[in-house]
Ligand SMILES: [Zn+2]
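Numbering (this note's numbering), first residue to last: 21 to 105.
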């Protein structure tokens with residue numbers, strides 16, 4: 021009986037160690053991805069003004085129209101196209 025409990029404790033110890041390793045790996049992986057994401061987005065963090073409605077949107081999310089950047093709303097896209105044509 022004592023041997024069974026001993027091996028159960030060993031098995032749980034190994035599982036716990038693996039779990040801790042996984043958590044540590046996931047944490048470092050998450051740091052790496054967020055670091056990369058924020059670095060690549062840093063260039064596009066500037067805000068631009070929508071030519072349609074005047075709302076400020078991040079440069080990366082803005083959609084370029086002939087008149088200037090738009091927020092992506094259908095109405096604003098139409099306004100962005102209208103005067104250029
Ligand atoms: Zn807009």
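The C-beta atom is built at its ideal place from N, Cα and C for all residues, glycine as well.
Residue environment, residue i, which counts as buried when at least 16 other CB atoms sit within 10 Å
i: residue 27; result: exposed
i: residue 95; result: exposed
i: residue 29; result: exposed
i: residue 34; result: exposed
i: residue 73; result: exposed
i: residue 100; result: buried
Selection from the options that minimises the alpha carbon distance to residue i
i: residue 71; options: 44, 102 and 42; result: 102
Any non-hydrogen atom of ligand 1 closer than 6 angstroms to residue i Cβ
i: residue 75; result: yes
i: residue 84; result: no
i: residue 81; result: no
Under 7 angstroms between C-beta atoms of residue i and residue j
i: residue 79; j: residue 66; result: yes
i: residue 82; j: residue 68; result: yes
Any non-hydrogen atom of ligand 2 closer than 6 angstroms to residue i Cβ
i: residue 72; result: As far as ligands go, the structure on display features ligand 1 and does not contain ligand 2.
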